[in-house]
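Heads up: the structure comes next, in structure tokens.
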Amino acid sequence: MLNVVIFGAPGSGKGTQSELIIKEFGLDHISTGEVLRAEIKNKTGLGMIADGYINKGHLVPDDLIIDMLAGVLDSKKNARGLIFDGFPRTIPQAEALKEMLNERATGIAAMLNLEVEEEELINRLLERGRRMGRSDDNPETIKSRLDEYHLKTAPLVEYYKKENLHHAIKGTGTVEAIYEQIKEILSSCRIS
Ligand code: AMP
Numbered sequence: 015m016l017n018v019v020i021f022g023a024p025g026s027g028k029g030t031q032s033e034l035i036i037k038e039f040g041l042d043h044i045s046t047g048e049v050l051r052a053e054i055k056n057k058t059g060l061g062m063i064a065d066g067y068i069n070k071g072h073l074v075p076d077d078l079i080i081d082m083l084a085g086v087l088d089s090k091k092n093a094r095g096l097i098f099d100g101f102p103r104t105i106p107q108a109e110a111l112k113e114m115l116n117e118r119a120t121g122i123a124a125m126l127n128l129e130v131e132e133e134e135l136i137n138r139l140l141e142r143g144r145r146m147g148r149s150d151d152n153p154e155t156i157k158s159r160l161d162e163y164h165l166k167t168a169p170l171v172e173y174y175k176k177e178n179l180h181h182a183i184k185g186t187g188t189v190e191a192i193y194e195q196i197k198e199i200l201s202s203c204r205i206s
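Be aware that the sequence shown starts at 15, since it is given in the numbering used here, and climbs by one per residue.
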């Protein structure tokens, strides 16, 4: 399988680049944010709990996310590979992911870190809020999402550097130019 973590702050372009990767490499997409938004829409127990965290711009607790992800992984057994978008967001999530993939005799081939400056992130998120009406793309929630990112998610850069899986991607410029960097990396990845 070719399993990839697409990583970056909110607004770094993870969703946009995932779509291009999926099209070319035939991977299945796992976006924990999308799964949670569907749970909220369907008013499930998990959705009701997650809603409170998401609206405040806080991360949903690790145990809930890890359980949810295990279920999604089991439903994707026959995939050629997976792209993890918005997961892991904490060190415990990264450790759980490693273990879950190990148990399934596979692993992560690459972590792609989309690097974008803070000011650009805020502008992109505000613009997306205007265009798509995502309830957490408002100034107050954006601030706490970025705070959560710096506090809990950014340490994953060091984690994946130690695992020799980290690849820095310049996340500004045209969508195509960003994707070219990704394509080059994935084309030379070892598939487990
Ligand atoms: P996203 O669509 O990836 O930007 O996620 C939207 C929101 O869902 C985040 O701000 C978090 O509140 C929650 N969320 C998504 N993925 C995770 C995760 N891996 N861990 C904790 N919370 C998450």
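Just so it is clear, CB atoms sit at the ideal spot from N, CA and C, and this is done for glycine as well.
Using a threshold of 7 Å, is the CB atom of residue 101 nearer than that to any non-hydrogen atom of ligand 1?
Position 87 of the sequence shown, counted from the first residue, corresponds to residue 101. Within the cutoff, so yes.
Stretch-stretch touch, CB-based, cutoff 8 Å, three pairs: the stretch 191-203 with the stretch 170-183:
yes
Check whether the Cβ atoms of residue 28 and residue 36 sit closer than 8 Å, and answer yes or no.
Here the question's residue 28 lines up with position 14 in the sequence shown. Here the question's residue 36 lines up with position 22 in the sequence shown. Not in contact: residue 28 and residue 36 (Cβ atoms no closer than 8 Å).
Best match in 157, 62, 92 for proximity to residue 42 [C-alpha to C-alpha]:
Here residue 42 corresponds to residue number 28 of the sequence shown, with the count starting at 1. Out of 157, 62, 92, 92 has the C-alpha closest to the C-alpha of residue 42.
By DSSP's criteria, residue 126 is part of a beta bridge. Which residues make up the other side?
For this step, residue 126 is matched to residue 112 along the sequence shown. 20, 181, per the DSSP bridge assignment.
Taking buried to mean at least 16 other C-beta atoms within 10 Å of its own C-beta, is residue 62 buried or exposed?
By 1-based counting over the sequence shown, the position of residue 62 is 48. When all chains shown are included, residue 62 counts as exposed.
Best match in 26, 17, 72 for proximity to residue 137 [C-alpha to C-alpha]:
As a first step, residue 137 is located in the sequence shown; it is residue number 123 there, counting from the start. In this structure, 26 is the residue among 26, 17, 72 with its C-alpha nearest to the C-alpha of residue 137.
Regarding residue 150 and ligand 1, is the C-beta to nearest heavy atom distance less than 7 Å?
Here residue 150 refers to the residue found at position 136 when the sequence shown is read from its first residue. Within the cutoff, so yes.
Measure the C-alpha to C-alpha separation of residue 101 and residue 90 and round it to an integer number of angstroms.
Position 87 of the sequence shown holds residue 101. Position 76 of the sequence shown holds residue 90. For residue 101 and residue 90, the distance between alpha carbons rounds to 16 Å.
Look at residue 32 and residue 99 and say whether their C-beta atoms are less than 8 Å apart.
Position 18 of the sequence shown, counted from the start, is the residue given in the question as residue 32. Position 85 of the sequence shown, counted from the start, is the residue given in the question as residue 99. Yes, the Cβ-Cβ distance between residue 32 and residue 99 is below 8 Å.
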